[in-house]
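Structure, as structure tokens:
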Ligand SMILES: Cc1cc2nc3c(=O)[nH]c(=O)nc-3n(C[C@H](O)[C@H](O)[C@H](O)COP(=O)(O)O)c2cc1C
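In this note's numbering, the protein residues as written are 421 to 609.
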């Protein structure tokens, strides 16, 4: 079964991007993938500072996140845009996890990892401005973003009570993107 790690760039309670990760988790399961949904808030990670790394190495929660990345074949990242850019929460975790750790044998965990990019916003544009920025970030880390993306505008009204996307064309677009990710993840492994 193809394993996919899923997380959001917001830790906010009720975050739209987290609702989107939950919807993606359901679709991965329906496509016979094995989804692991995590909340970055559950990883108690300080703001990156080389003094911390030099003094005590990579924090344990980062080692745990690196293990999750290394042991999953693909990833889904859903994020809001902050001023059109990637959130500090997401960037901080990606920066930490890009550091080699003496506490594990995984080496660089990101290179060649297939990833699907999603964004959401309560606004009309669905956070679309963050997609090219996020695509650059993941590419610079060596990941392979699958072609396409899903953005969810007016995210406050976008989800059904059961956590699915209410708009059929959005749901179908996300399903196609996830099918593409599962194929790339199987081929890469
Ligand atoms: C610092 C900051 C900058 C923001 N910039 C944008 C923006 O550029 N575009 C946008 O659509 N929404 C922007 N927003 C609004 C967020 O999309 C909104 O707060 C959203 O609910 C946050 O995502 P979440 O629901 O996943 O936590 C911004 C919010 C903050 C806190």
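Idealized CB from N, CA, C, for every residue including glycine. Please read all numbers here as calculations on a predicted model, not as lab measurements.
Closer than 8 Å is the cut-off here; do at least three beta carbon pairs connect the stretch 548-558 with the stretch 497-506? yes
Just checking, does the stretch 508-518 make contact with the stretch 533-546 on the three C-beta pairs under 8 Å criterion? Touching, no.
State the start and end residues of the unbroken beta strand (DSSP E) segment that holds residue 498. 494-499
heavy atom of ligand 1 below 7 Å from residue 436 C-beta: Because some heavy atom of ligand 1 lies under 7 Å away, the Cβ of residue 436 counts as near it: yes.
Taking all protein chains shown into account, do 16 or more other C-beta atoms lie within 10 angstroms of the C-beta of residue 501, making it buried, or fewer, making it exposed? buried
If you check the beta carbons only, do residue 528 and residue 477 fall under 8 Å apart? no
What residue ranges within the stretch 446-485 form continuous beta strand (DSSP E) runs of no fewer than 3 residues, ordered along the chain? Entirely contained in the stretch 446-485, the beta strand (DSSP E) runs reaching 3 residues are, in chain order, 454-457.
Does the Cβ of residue 589 have 16 or more other Cβ atoms within 10 Å, making it buried, or fewer, making it exposed? exposed
Answer yes or no: the CB of residue 593 versus the heavy atoms of ligand 1, is any distance below 7 Å? no
Alpha-carbon spacing of residue 487 relative to residue 447, whole angstroms: 24 Å
Collapsed DSSP secondary structure at residue 425 in the structure displayed: strand
Between which two residues does the beta strand (DSSP E) holding residue 538 run? Its beta strand (DSSP E) spans residues 534-540.
Hey, how far is the Cα of residue 583 from the Cα of residue 564? 28 Å
Cβ distance (whole Å) where residue 475 is taken to contact residue 422 below 8 Å: Distance from residue 475 to residue 422 at the Cβ level is roughly 39 Å; contact not present, criterion being Cβ atoms closer than 8 Å.
Limits of the unbroken beta strand (DSSP E) element including residue 572: 570-572
May I ask you to list the residues that DSSP assigns as paired with residue 505? 502
Hey, would you say residue 622 sits closer than 8 Å to residue 585, going by beta carbons? A query on residue 622 cannot be resolved here, the shown segment of the chain reaching from 421 to 609 and no further.
Take residue 604 and list the residues in its own chain whose beta-carbon comes closer than 8 Å to its own, dropping the five residues that flank it on each side. The answer, listed in chain order, is 494, 534, 564 and 566.
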